[in-house]
Structures are given as C-alpha cells and as structure tokens.
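Trainee: Note that the protein sequences, when read in sequence, are chains C and E. If you read the first sequence in the UniProt record's numbering, its first letter stands for residue 1, the second for the next number, and so on. If you read the second sequence in the UniProt record's numbering, its first letter stands for residue 1, the second for the next number, and so on. Even for Gly, the Cβ is constructed at its ideal location relative to N, Cα and C.
There are 2 protein chains.
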Amino acid sequence: MTRRSTLGARNRGIPEATVARLPVYLRALHTLAERDIVTVSSEELAAAAGVNSAKLRKDLSHLGSYGTRGVGYEVQYLVYQISRELGLTQDWSVAIVGLGNLGRALAGYGGFASRGFRMAALLDADPVIVGERINGLTVEHIDKLEQIIADCAISIAVLAVPASAAQPVCDRVVSSGVTSILNFAPVVLAVPEGVDVRKVDLSIELQILAFHEQRKAGGPAGVEQEYLEAVDGS
Amino acid sequence: MTRRSTLGARNRGIPEATVARLPVYLRALHTLAERDIVTVSSEELAAAAGVNSAKLRKDLSHLGSYGTRGVGYEVQYLVYQISRELGLTQDWSVAIVGLGNLGRALAGYGGFASRGFRMAALLDADPVIVGERINGLTVEHIDKLEQIIADCAISIAVLAVPASAAQPVCDRVVSSGVTSILNFAPVVLAVPEGVDVRKVDLSIELQILAFHEQRKAGGPAGVEQEYLEAVDGS
DNA sequence: CGTTGTGAAGAGGTTCACAGCA
DNA sequence: TGCTGTGAACCTCTTCACAACG
Numbered sequence: 001m002t003r004r005s006t007l008g009a010r011n012r013g014i015p016e017a018t019v020a021r022l023p024v025y026l027r028a029l030h031t032l033a034e035r036d037i038v039t040v041s042s043e044e045l046a047a048a049a050g051v052n053s054a055k056l057r058k059d060l061s062h063l064g065s066y067g068t069r070g071v072g073y074e075v076q077y078l079v080y081q082i083s084r085e086l087g088l089t090q091d092w093s094v095a096i097v098g099l100g101n102l103g104r105a106l107a108g109y110g111g112f113a114s115r116g117f118r119m120a121a122l123l124d125a126d127p128v129i130v131g132e133r134i135n136g137l138t139v140e141h142i143d144k145l146e147q148i149i150a151d152c153a154i155s156i157a158v159l160a161v162p163a164s165a166a167q168p169v170c171d172r173v174v175s176s177g178v179t180s181i182l183n184f185a186p187v188v189l190a191v192p193e194g195v196d197v198r199k200v201d202l203s204i205e206l207q208i209l210a211f212h213e214q215r216k217a218g219g220p221a222g223v224e225q226e227y228l229e230a231v232d233g234s
Numbered sequence: 001m002t003r004r005s006t007l008g009a010r011n012r013g014i015p016e017a018t019v020a021r022l023p024v025y026l027r028a029l030h031t032l033a034e035r036d037i038v039t040v041s042s043e044e045l046a047a048a049a050g051v052n053s054a055k056l057r058k059d060l061s062h063l064g065s066y067g068t069r070g071v072g073y074e075v076q077y078l079v080y081q082i083s084r085e086l087g088l089t090q091d092w093s094v095a096i097v098g099l100g101n102l103g104r105a106l107a108g109y110g111g112f113a114s115r116g117f118r119m120a121a122l123l124d125a126d127p128v129i130v131g132e133r134i135n136g137l138t139v140e141h142i143d144k145l146e147q148i149i150a151d152c153a154i155s156i157a158v159l160a161v162p163a164s165a166a167q168p169v170c171d172r173v174v175s176s177g178v179t180s181i182l183n184f185a186p187v188v189l190a191v192p193e194g195v196d197v198r199k200v201d202l203s204i205e206l207q208i209l210a211f212h213e214q215r216k217a218g219g220p221a222g223v224e225q226e227y228l229e230a231v232d233g234s
C-alpha cells in the first residue's frame, strides 16, 4: 500500500507540496533568464515566486545540490534541472474534450502550448462543432476518441465537457489508457488507482474567497441570531 | 501577528483545508437534495464528495454538531449551515476584468452565477471589445474601474487579463477596495496584507500532471545518464 | 444499534537557525 | 564573508479507533 517507488539511485520521494511549487519557480526562472540574469540567490528567487527563502531552498534540496554556497543558483542550470524533474524535457500530447466556450478558450490559450505540451487533438460530441478548425486543429467527433488517443499517443486529457458528460467521458479516456486528467467539469470524478486527476473549479474558488471575505466583514450571518438565542436562554 | 480572530461565541477557527472542501460537500448535498434525499450518513456523503468519512465528520464538526448519532445529517439543514458558513446566504458582486477568450468563457459560464454570486460588471481595455454585450452585460472601459467597483459594491475581482497587465490591474482593484481576487493570469501577484488571492493556472496544473505521468513511466529522463556517470566513477 | 463527534497518534509540511562550504 | 543545505522544532492536516448518544 506504500507509494514510495525506490526507483533509481537518488531519492525519488519529492513531496507533493514541492512538486506543486516547482512550476512556479520555473516560471520565475524563465523570466530571469529572459533578462539575461545568470545567477540568483534563494532570497531573490523566493521573492519572485512569492514564497519564503527557507521553503525554496528546502524544495530545491529535494532535487539535489544544484546551488553554490556563497553565490546562489545558476539560472539556466536550474531551469534544466527543474524541467527534467517535471518531465518537460519530453513532449506530452494533450487532448481537449469539449469545445464549448471554455474548451475553445483553452484551445486558444498560448501558454498552453508552453514547452513540453503539444495540443494534439480536439474532440466534441456536437455535430455543429465537429469539423470546425480551432487554432490549426480540426475538431473530431468523440466517437473516434479511443482511436485518436491511441494514434496520437495522448497522455493527458483535458475535460471541458458539461457536468453530466464528465464521468462517462472520463471512463472512456481512462479505458483508452490515459492516466492523467485535468477536469474542468464541476463533478468529483471516480477513477481507478494509478490515474491522476486534477480539478479546476471556478465556483469552488469563488466560494473559498467568499468565506474569507465574510470573515473579514465580521463572521457568518446568523451569528447575531445565535447570539440572541443564547442570551434569551433558549 | 496571529490571525486567530476570537470573534463570536463559537470557535471561528475553521482550518483552511476544511474551508476548501466545504464547497465540494455543498455541491454533493445539492445533488442529493435534487433527488429528494432527506438524510445522509457521513459514509455516503463522503463517497459522493470523494473523501473518507472520518475527514468529512471532522470537517463538519468544525461548524458545530449538526448530525444525529445513529441517523446521519439532514440534507437541507446541512446545506443551510455550510452555505451560511461560506457566506453564500448573502450576495457577492463579482467583476470580470479582461474579456478575451477566457474572460468570455467565464462570463458565459452558468455555474458562475450560482447561489451567492452576481456578475455585476465586465471591464476591458480594448476599444473593440468595450461596448460589446456579453451575457446581458455591457463591457465597460477599464478607465471606469474605480468608479464601477465603488458603484456596484464589487467585492471579488476576477482577473483574466494578459500576464503583463495583471499586476497593474491588481493594484488598481486593490486600491479601489477589493480584497478578494481570483487570478487567471500566469503571474504571482503582490498584494497588501488582508487581500486574498487565489490562482488558477492551467499550465501549472499540466506540469504537475506531467511530473506524475513521468514518474509512472519510470522516473525523469537523464536518470540513466546520471547512472552511467556514477558507474564511470566521475 | 448504528452513526456521530472527538481525543490521540501519525504523517506531512513549514519555519528556524546554524553548520558547512565556496 | 555570504549563501546554501539541513537537522530539529513546530505546526497543520489526516487517520484511527472508540466513547457518547439519539
């Protein structure tokens, strides 16, 4: 039941929280590289990434000792090491399923095709949308899903389908061999062991913000009512 | 420097991890309510929300004792309590800044206007886009940002602007009094103490998936090279 | 009885503070 | 000297296991 893999000589157990921050560091490093900055200290890089320097150093220490004491980190070298660790030195083929408003926006998003990701296929069930060309790709009918996933060697599926379609579509991409899913539909997907799902949910984010907003304003509505009841001795 | 507020009689210190899950529970409860289910056990609700039952019970216990031992939770009552805690029993006015592909998709997204959120304003800098009607609202020029935020009592700003515009726009909404921001631009926003920012970043999500995908395939590229170097005695 | 609510133990993540090294 | 890398302390979150209770 343990997930620790023990593959390779180096410790492969990078904490999940660290993995989630590596892309942020990578982006900050790319910005520095564009400005021809050669070396960066943990303090500077941490500031650019919005974390504190101790956390940054501990995160990087999980990848190895890629810094120089008294100096800092070489930007280009660190870019390479983080990229390699994240698996961005190889190409991943991505399919978008569902080309409504959101799917189109994702398909058109430039940063999407950032290093390492290749948008390989667009799929939809609506005959009106099928055949349309979006960002240089033709939208295929979802009936061809299994075949296209195999032919294009899709490894990541992005689901931008309606909530009701999400689980069935998920089941199909999983049984076609996809083991990484980015889900924009507002449902909790059930997947077999070994399949990774990440969820992006606008409405959940708003609700979390509302909670904090309310707290800043002095706690939940109904508190006064409860207070009155308590005073009343009920 | 402590953030504990000690307002009100009940313990207001709900763990952040719990807050992030309450919207998921709420959605599951709404689904149950639609099917006219009156009572639910922690086991059932947990399954619907994709968590284990101990975690669900602990989460709910932070809100109060709203269950009945031997029976479970009353669906409608729990919906109300969670909604109240999240601040969804009042209305929050939301503004979307930036109406490119993504901004339009967000403006058109139905679930966006889910209970508690009112899309109150759309803003863009592009004169071609300004004046356009999207989902019943007219896009206003960003020059009117300060005025509109005040007039519409905007409490949450959604930023769907290009990366280069994100920080300046953020500064403007913050100085207009907004203290909750949902950021879709791929930058780390700097904000004053007391302002909450949540980030949605497609490319980061893909990179995290790539990391796990690579691990399933047997670890990072370059491991063999390192291995050879080690054998070589370098 | 069956299920909640919760202390206690455990796991994971963050921060501190400084030894170790270029 | 200045910055990295890291043990140790601390904190947060999760899970267990069971007492409490309708």
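Between Ile156(E) and chain C, is there a C-beta pair that is closer than 8 Å?
Mentor: yes
Trainee: Find out if the Cβ-Cβ distance for the pair Ala28(C), Ala49(C) is shorter than 8 Å.
Mentor: yes
Trainee: With 8 Å as the threshold, decide whether the Cβ of Asp143(E) is near any Cβ in chain C.
Mentor: no
Trainee: By how many angstroms is the C-alpha of Ser176(E) removed from the C-alpha of Val169(C)?
Mentor: 43 Å
Trainee: Taking Cβ-Cβ distances shorter than 7 Å, what residues in chain E pair up with Ser180(C)?
Mentor: Result: Leu209, His212, Glu213.
Trainee: Pull up the distance between the alpha-carbon of Gln167(E) and that of Ala160(E), whole angstroms please.
Mentor: If I take the Cα positions, the gap works out to 12 Å.
Trainee: Give the secondary structure of Ala9(E) by DSSP, where H, G and I count as helix, E and B as strand, and everything else as coil.
Mentor: Here the model assigns Ala9(E) a pLDDT of 29, short of 50, so the residue's position is not dependable, and the following value carries that caveat. Correct three-state label for Ala9(E): coil.
Trainee: Please state if the CB of Leu86(C) and the CB of Phe117(E) are separated by a distance shorter than 8 Å.
Mentor: No Cβ-Cβ contact shorter than 8 Å links Phe117(E) with Leu86(C).
Trainee: Would you say Leu129(E) faces chain C, with C-beta separation under 8 Å as the test?
Mentor: The question names Leu, but residue 129(E) in the sequence shown is Ile. Not one chain C Cβ lies under 8 Å of Ile129(E).
Trainee: For Thr39(E) and Gly72(E), what's the separation of their Cα atoms in angstroms?
Mentor: Rounded to the nearest angstrom, the two C-alpha atoms are 6 Å apart.
Trainee: Could you spell out where the alpha helix (DSSP H) holding Ile204(C) opens and where it closes?
Mentor: 202–216
Trainee: Return helix, strand or coil for Gln167(C), following the three-state DSSP convention.
Mentor: The answer is helix: DSSP assigns Gln167(C) an H, G or I state.
Trainee: Identify whether Ile96(C) lies in helix, strand or coil by the three-state DSSP scheme.
Mentor: strand
Trainee: Using alpha carbons as the reference points, say which of Val178(E), Gly194(E), Arg84(E) lies closest to Ala157(E).
Mentor: Val178(E)
Trainee: Whole angstroms is fine: what's the gap from Ala20(E)'s alpha carbon to Val97(E)'s?
Mentor: 24 Å
Trainee: So, with DSSP's three-state summary, where would you put Glu193(E)?
Mentor: coil
Trainee: Helix, strand or coil, according to DSSP, for Ile43(E) in the structure here?
Mentor: Note that residue 43(E) is Glu in the sequence shown here, rather than Ile. DSSP places Glu43(E) in helix when its eight states are reduced to three.
Trainee: Quick check on the DSSP output: the alpha helix (DSSP H) that includes Leu63(E) runs from which residue to which?
Mentor: No alpha helix (DSSP H) holds Leu63(E); DSSP gives it neither H nor E.
Trainee: First and last residue of the beta strand (DSSP E) that includes Ala157(C)?
Mentor: 154–159
Trainee: At the 8 Å Cβ level, is Thr18(E) part of the contact set with chain C, yes or no?
Mentor: With 8 Å as the cut-off, Thr18(E) does not count as an interface residue toward chain C.
Trainee: Taking 8 Å as the threshold (beta carbon to beta carbon), is Val231(E) in contact with chain C?
Mentor: At Val231(E), the pLDDT of 35 sits below 50, so the modelled position is not reliable; the number obtained from the coordinates is stated separately. The Cβ of Val231(E) sits no closer than 8 Å to any Cβ of chain C.
Trainee: Cα separation between Gly108(E) and Ile149(C)?
Mentor: Going from the Cα of Gly108(E) to the Cα of Ile149(C) covers about 30 Å.
Trainee: If Ala95(C) and Ala125(C) are in contact, beta carbons under 8 Å, what's the gap, nearest whole angstrom?
Mentor: Not really, about 14 Å apart at Cβ, beyond 8 Å.
Trainee: To the nearest angstrom, report how far apart Arg198(E) and Gly103(C) are at their CA atoms.
Mentor: Arg198(E) and Gly103(C): Cα-Cα distance of roughly 22 Å.
Trainee: Give me the Cα-Cα distance between Val75(E) and Ile37(E), rounded to the nearest whole angstrom.
Mentor: 7 Å
Trainee: So with CB distances below 8 Å, who are the chain C contacts of Ile96(E)?
Mentor: Within chain C, no residue comes near Ile96(E); the closest Cβ sits about 11 Å away, beyond 8 Å.
Trainee: For Thr18(C), report the span of its alpha helix (DSSP H) as first-last.
Mentor: 16–34
Trainee: Can you pull the chain E residues whose beta carbon is under 7 Å from the beta carbon of Gln90(C), in chain order?
Mentor: Those within 7 Å of Gln90(C) in chain E are Ala221.
Trainee: Between Leu202(C) and Leu106(E), which are expected to be in contact by the criterion C-beta below 8 Å, what is the C-beta distance as a whole number of angstroms?
Mentor: At roughly 7 Å, the Cβ-Cβ gap stays under 8 Å, so Leu202(C) and Leu106(E) are in contact.
Trainee: Just mark residue 235(E) as buried or exposed, buried being the case when its beta carbon has 16 or more other beta carbons within 10 Å.
Mentor: The structure shown does not extend to residue 235(E), since chain E spans only 1 to 234, so no value can be given for it.
Trainee: If we ignore side chains and look at the alpha-carbon of each, how far apart do Tyr66(C) and Glu213(E) end up?
Mentor: 24 Å
Trainee: Which chain E residues sit within Cβ distance under 8 Å of Asn101(C)?
Mentor: Those within 8 Å of Asn101(C) in chain E are Arg104, Ala105, Gly108, Tyr109.
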